[in-house]
Amino acid sequence: MTDTNKNIKEPRITLVGAGPGDADLITVKAIKALKTADVVLYDALVNEELLEYAPENSTKVYVGKRSGDHSFSQEAINNLMVDYAKNYGHVVRLKGGDPFVFGRGYEELIIAAAHNIPASVIPGISSSIAVPELQNIPVTHRGLSESFWVVTGTTANGKISNDLIDASRSNATVVVLMGIHKLAEITEIFKQQGKNKLPVAVIQSGSTTDEKIAVATVDTIVNAVEENKISSPALIVLGEVVSLHPKFQLIKEVYDVVAQG
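Quick note: the sequence shown uses full-length UniProt numbering, first residue 1, plus one each step.
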């Protein structure tokens, strides 16, 4: 008697962080997971070069979600993830950055557990640290910043997070993800704290060939972003550490001349 179930693989799910965009900025462990994938569900900000690590006969499914493009709801992604695992075997859920930094990764772990599907997580390099770093902007630096905040620019209800208001009162570096469309509102919060001259950088498509940067102050960053035609995906860095960027030295020189005048 033939065992009709012998070719059915055991379902499992691996949440994998793809890093900030550069295909080389992915971990060895993540590559090993991709090489054993039966299905890859990948997000909008994932570099598609990484799909080449998956077996040629594996199924690759785009489930992108980004500003202005919600091709799949989170519920739909959850259902796909479970269905593919049960019917195909090993599902790699490939997510931009790190799965647990505004990636809703833990929600997907809960769904896997609810369906008794073994799941694991492979961390990724978060854009919140890596993208400023690749522009030689440290999130901490002795004498300038002793800590840093990573805050979402837009909450589930579409409003500015109250955490951003708290962060604006500190001396910490503040990194805002998914906030480019609320840049004017964000800078207004810092102006209310008297931080008009605080250095700011806005970096688009960090770590990729499309990377662009605008460096200015809280007072002038909105205009700088418009002049440099910077758009989503982009992150915002507010803090004295941005003054270390070479472009800010030119701004500082102008301020020094004006102050002396």
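Where is the CB? At the ideal position from N, CA and C, for every residue including glycine.
Excluding five sequence neighbours on each side, which residues of the same chain lie with their C-beta closer than 6 Å to the C-beta of residue 1?
Position 1 of the sequence shown, counting from 1, holds the residue named residue 1. Confidence is the limiting factor: at residue 1 the pLDDT is only 38, short of 50, which leaves the residue's position unreliable and the question unanswerable from this model.
Does the pairing of the region 147-157 with the region 243-253 give three or more beta-carbon distances under 8 Å?
They do not touch, by the three-pair rule.
Is the CB-CB distance between residue 187 and residue 218 below 8 Å?
Taking the sequence shown and counting its residues from 1, one reaches residue 187 at position 187. Taking the sequence shown and counting its residues from 1, one reaches residue 218 at position 218. Result yes, Cβ atoms of residue 187 and residue 218 sit closer than 8 Å.
Residue 86 beta carbon less than 8 Å from that of residue 199:
Residue numbering aside, residue 199 sits at position 199 when the sequence shown is read from its first letter. Residue numbering aside, residue 86 sits at position 86 when the sequence shown is read from its first letter. Cβ distance not < 8 Å, so residue 199 and residue 86 don't count as in contact.
Exposure label - residue 93; buried when at least 16 CB within 10 Å:
Here residue 93 refers to the residue found at position 93 when the sequence shown is read from its first residue. That one is buried.
From which residue to which residue does the beta strand (DSSP E) around residue 74 run?
As a first step, residue 74 is located in the sequence shown; it is residue number 74 there, counting from the start. It is not in any beta strand (DSSP E) - residue 74 instead sits in the alpha helix (DSSP H) that spans 74-88.
Helix, strand or coil at residue 64 according to DSSP, with G and I counted as helix
Position 64 of the sequence shown, counting from 1, holds the residue named residue 64. In this structure, residue 64 counts as coil in the three-state DSSP scheme.
Residue 35, buried or exposed, once every other Cβ within 10 Å from all chains shown has been counted against 16:
Within the sequence shown, the letter at position 35 stands for residue 35. When all chains shown are included, residue 35 counts as exposed.
Can you find at least 3 beta carbon pairs, one from the region 116-131 and one from the region 49-58, that sit closer than 8 Å?
no
I need the straight-line Cα distance from residue 230 to residue 9, nearest angstrom please.
For this step, residue 230 is matched to residue 230 along the sequence shown. For this step, residue 9 is matched to residue 9 along the sequence shown. Going by the C-alpha atoms only, they are around 46 Å apart.
Three-state secondary structure assigned by DSSP to residue 250
Your numbering for residue 250 matches position 250 in the sequence shown. DSSP places residue 250 in the helix class (H, G or I) of the three-state scheme.
Note down the Cα distance separating residue 46 from residue 39, rounded to an integer number of angstroms.
For this step, residue 46 is matched to residue 46 along the sequence shown. For this step, residue 39 is matched to residue 39 along the sequence shown. Whole-angstrom Cα-Cα distance: 15 Å.
Which residue from 89, 63 and 97 puts its Cα closest to that of residue 24?
As a first step, residue 24 must be located in the sequence shown, where it is residue number 24. When only C-alpha atoms are compared, the closest one is 97.
Check the Cβ-Cβ distances between residue 159 and every residue of chain C, and say whether any is below 8 Å.
Included in the structure is just one protein chain, with no chain C present.
Taking one C-beta from the region 176-190 and one from the region 131-139 each time, how about it: are there three or more such pairs within less than 8 Å?
no
Report the rounded CA-to-CA distance for residue 196 versus residue 106, giving the unit in angstroms.
Locating residue 196 in the sequence shown gives position 196, counting from the first residue. Locating residue 106 in the sequence shown gives position 106, counting from the first residue. Each residue's Cα considered, the two are about 37 Å apart.
Look at the Cβ atom of residue 64, then the Cβ atom of residue 83, and state whether they are nearer than 8 Å.
Against the sequence shown, residue 64 aligns to sequence position 64. Against the sequence shown, residue 83 aligns to sequence position 83. In this structure, residue 83 does not lie closer than 8 Å to residue 64 by Cβ.
Excluding the 5 residues preceding and the 5 following residue 210 in the sequence, name in chain order all residues of the same chain whose CB lies nearer than 8 Å to its CB.
As a position in the sequence shown, residue 210 is number 210, starting the count at 1. Answer for residue 210: 204, listed in chain order.
Those runs of the beta strand (DSSP E) which lie wholly inside the region 145-222 and span at least 3 residues:
148-152, 173-177, 199-204 and 212-217
In terms of DSSP beta bridges, what is residue 141 paired with?
For the purposes of this step, residue 141 is identified with residue 141 of the sequence shown, where counting begins at 1. According to DSSP, which records beta bridges pairwise, residue 141 is partnered with 145.
Which first and last residues belong to the beta strand (DSSP E) in which residue 110 is found?
Here residue 110 is taken as the residue at index 110 of the sequence shown, counted from 1. Premise fails: residue 110 lies in the alpha helix (DSSP H), 105-114, not in any beta strand (DSSP E).
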